[in-house]
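The structure appears right after this line, and notes come after that.
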Amino acid sequence: MDNQATLSESRRVVPQNTWVLITNFKLAYTLLRRPDGTFNRHLAEYLDRKVPANIIPVDGVFSFDVVIDRSTGLLVRVYRPTQAGDAQPSYLNLEQPLSSDVAVPVIIFFHGGSFAHSSASTAIYDTLCRRLVGVCKAVVISVNYRRAPENRYPCAYDDGWAALTWVHSKQWLRSGNDSKVRAYLVGDSSGGNIVHHVALRAVESGTEVMGNVLLNPMFGGMERTESEKRLDGKYFVSIRDRDWYWRAFLPEGVDRDHPACNPFGPQGVSFDGIKFPKSLVVVSGLDLVQDWQLAYAEGLKKAGQDVKLVFLEQATIGFYLLPNNNHFHNVMEEINTFVCSDS
């Protein structure tokens, strides 16, 4: 009875297309997770609807794949806008230099999926990256990072760092009168978590990141927060699900207060003397880990960092995947303003 009530409530709040999409994701995810902590990767690849890169422009955007680290097989998918009157791209001119007059943002995107699911070629993320190109007039680099549990911490962070380093090494990604790479880190769910940790490495190494965008970032800790208890099992996510993914990703033998999970927790890195990139943190009021996301934004604020929090009371996870709600359009505008304010 309780499960049926929860199902009915979520259907009233969530747009039908989004409800169907995320319900299907949840069903597939449940099939893939095994109680012993292993994961049915073969079935996951079969169920994941993927699309290839396409150098033929669609709605003014073309894409191509590049292997940037042969030792790990790390691949990125590059999305570029076309201009009116441009010739159709060929394989010989995919890396044409960006504008020397106009500053062009380069968004390094990390997909969600709780560190275990999805990829740079997952159809719903391919569509989202194309939308980001159109909204922000940006180049988007979607990172096909290695996934858990086969590749635990810190593999996803290592791949994110490799992607940022690669972006900064490419002359054709420089733009504007000052000929610099304007790199932004953007991610949802586990991708938002990766954004934070790659940005921290960038600060420590002196590599420039213009800003971070974290959509419903995946953080946690040992404490059971009020939102976790109140929303457990509602709106697609349960505490049990979250715990499984943390066990699959974190080093064996550590708990959820590990800084990968709880960056401002008892084991977190001190932000004393650190100038962190400006951050846009988007939190959904129907996401059970919202308290951890709010604590993250508050941690940045207390550390004297530049952070903007966007709290969407009636939004649930994945609202940004389909343009069928006002939250989607509002957040796309927030991202556009955030990214383009430095141009």
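In the UniProt record's numbering, the protein residues as written are 1 to 343. Virtual Cβ for every residue (Gly too), placed ideally from N, Cα, C.
Integer Cβ distance of Glu187 from Phe110, believed to fall under 8 Å
In the sequence as presented, Glu is not what sits at residue 187; that position holds Gly. Yes, they are in contact, since the Cβ atoms of Gly187 and Phe110 sit about 3 Å apart, within 8 Å.
Classify Asn262: buried if its beta carbon has 16 or more other beta carbons within 10 angstroms, exposed otherwise.
Buried is the call here.
Mapping DSSP to helix, strand and coil, what is Leu98?
The DSSP-derived three-state label of Leu98 is coil.
I need the straight-line Cα distance from Ser284 to Leu294, nearest angstrom please.
Leu294 has its alpha-carbon roughly 10 Å from the corresponding atom of Ser284.
Would Asn3 be called buried (16 or more neighbouring beta carbons within 10 Å of its own) or exposed?
Low confidence applies to Asn3: its pLDDT is 47, below 50, so where it sits in the model is not reliable enough to give any reading.
So for Pro15, helix, strand or coil by DSSP?
Here Pro15 sits in coil by DSSP.
Quick check on the DSSP output: the alpha helix (DSSP H) that includes Lys229 runs from which residue to which?
Glu226 to Leu231
Excluding the five sequence neighbours on either side, which residues of its own chain have a C-beta within less than 8 Å of the C-beta of Gln171, listed in chain order?
Counting only Cβ-Cβ distances below 8 Å, and skipping sequence neighbours, we find Pro97.
In chain order, each beta strand (DSSP E) run of at least 3 residues that lies wholly inside the region 48–125:
61–69, 74–81 and 105–110
Closest by C-alpha distance to Pro149, when choosing among Asn40, Gly60, Ile274 and Asn216
Asn40
Give the list of continuous alpha helix (DSSP H) stretches no shorter than 4 residues that lie fully inside the region 166–240.
190–205 and 226–231
Report the rounded CA-to-CA distance for Gly176 versus Val209, giving the unit in angstroms.
16 Å
What does the alpha-carbon distance come out to for the pair Lys180 and Ala202?
16 Å
So the candidates are Lys137, Val143, Cys136 and Ser114; which of them puts its Cα closest to the Cα of Asp126?
Val143
Work out the CA separation of His196 and Tyr296 for me, nearest whole Å.
10 Å
According to DSSP, which residues form a beta bridge with Ile141?
Val78 and Ile108
Which two residues bound the contiguous beta strand (DSSP E) that contains Val310?
Val307 to Leu312
Proximity to Asp101 [Cα-Cα], best of Val282, Leu309 and Arg174
Arg174
For Asn324 versus Asn17, is the C-beta distance shorter than 8 Å?
In this structure, Asn17 lies closer than 8 Å to Asn324 by Cβ.
Using a 10 Å radius around the Cβ and a threshold of 16 neighbouring Cβ atoms, would you call Asn193 buried or exposed?
It counts as buried.
Name the DSSP bridge partner or partners of Arg130?
According to DSSP, Arg130 bridges with nothing at all.
Checking 8 Å against the spacing of the C-beta atoms, do Val289 and Glu228 come in under that value?
yes
State the CB to CB distance for the pair Thr316 and Phe236, rounded to an integer number of angstroms; the pair is presumed to be in contact (CB under 8 Å).
A Cβ-Cβ distance of about 7 Å is found for the pair Thr316 and Phe236, placing them in contact under the 8 Å criterion.
Hey, quick one: how far does the beta strand (DSSP E) through Val254 stretch, first residue to last?
Note, Val254: premise wrong, no beta strand (DSSP E); not H, not E.
Is Val135 helix, strand or coil by DSSP?
Helix.
Assigned exposure category for Ala87 - 16 Cβ within 10 Å defines buried
exposed
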